[in-house]
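So for the sequence shown, numbering that gives the first Met the number 0 puts the first residue at 0; every next one is plus one.
A quick write-up on the structure given underneath.
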Amino acid sequence: MAFDLEVDAKGLKCPLPILRAKKALSNLESGQVLKVVCTDKGSVRDFQAFAKQTGNELIAQADDGEVFVHYLKRR
């Protein structure tokens, strides 16, 4: 999937991946896509809630059991 900016949040626990994503999204234009890579299993639910609360679109989520990837489109 195409993206405009990537945040590597591997090894970080909640809430740090969300905080890094929030900061990165503030640097993007409306419609641009942020890719966030995490190792925190809770990040799946965290990013779903974050998208609902902020109005940013959670385009996709994927994982291989160890690494979780989230794609957010800036509102």
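Yeah, the Cβ is synthetic: ideal placement off N, Cα and C, and Gly gets one too.
Range of the contiguous beta strand (DSSP E) that encloses residue i
i     : result
Ala61 : Glu56 to Asp62
Under 8 Å between C-beta atoms of residue i and residue j
i     : j     : result
Gln47 : Leu57 : yes
Glu5  : Val36 : yes
Leu15 : Arg73 : no
Phe67 : Ser42 : yes
Lys21 : Asp39 : no
Own chain, CB closer than 6 Å to residue i, minus 5 neighbours either side, in chain order
i     : result
Phe49 : Ile17
Simplified DSSP state of residue i, which is helix, strand or coil
i     : result
Leu18 : helix
Ala1  : coil
Leu11 : coil
Leu24 : helix
Spatial neighbours of residue i in its chain, beta-carbon cut-off 8 Å, leaving aside the 5 residues before and after
i     : result
Gly54 : Arg74
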